[in-house]
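S.K.: The following block contains the structure, expressed as structure tokens.
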Amino acid sequence: KGLVYVIDINPGYKKFNRYDAGVSAAQVYSILRRELDLYQPGLPERALMVLLNKVDTEADDLVQLVKEEVQEVSNEPVYLISAKDKLGLEEPLQVMYDHVLRRRKQDQRIAEEAAALEALRSGDVAEGEESDET
């Protein structure tokens with residue numbers, strides 16, 4: 002289980018702001034984090050990373066500036082991607098894949114420990130007997 006914030010880097014957020022002042026990617030991140038915490042307290046702590054999308058639509062210096070702004074307000078790694086052009090996806094996808102594998106192993110270990118405890122409680126394993134899991 003993990004959470005990935007995907008935020009467009011371009012200034013298209015202006016049209017959604019009734020004051021037309023614009024909303025930065027860092028502000029969008031903060032809003033999303035707050036909304037998720039209101040929905041389910043603690044949910045934002047599951048975040049793995051922030052993906053800044055549509056980096057192919059802006060100048061490199063602006064992209065770096067936005068990345069730095071988001072890094073200042075987040076505790077997660079920030080990756081620059083273009084989903085449309087499939088740029089910058091390899092590293093964040095590998096991080097997600099590794100996370101899923103770790104979680105599966107952890108869940109399997111927990112299930113095995115729970116089964117062993119249940120076996121002890123039900124008397125299926127005699128006291129002092131060693132299991133094969135050592």
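Using the working numbering, read the sequence shown as starting at 2 and increasing by one per residue.
Just so it is clear, CB atoms sit at the ideal spot from N, CA and C, and this is done for glycine as well.
#1: Short of 6 Å in beta carbon distance, which residues of its chain neighbour L4, apart from the five on each side in sequence? Order them along the chain.
#2: From the beta carbon of G23, is the nearest beta carbon of chain B less than 9 Å away?
#3: Return the chain-ordered list of same chain residues with a C-beta closer than 7 Å to the C-beta of R34, the five sequence neighbours on each side being excluded.
#4: Going straight from the alpha carbon of M97 to that of R105, what length do you get?
#5: Anyone know if the C-beta pair for D61 and D86 falls short of 9 Å?
#6: Counting only the same chain and skipping the five closest in sequence on each side, list residues whose C-beta sits under 8 Å from that of V74.
M.R.: Put simply:
#1: R47, A48
#2: The structure shown contains no chain B, having only a single protein chain.
#3: P45
#4: 12 Å
#5: no
#6: A27, Y30, S31
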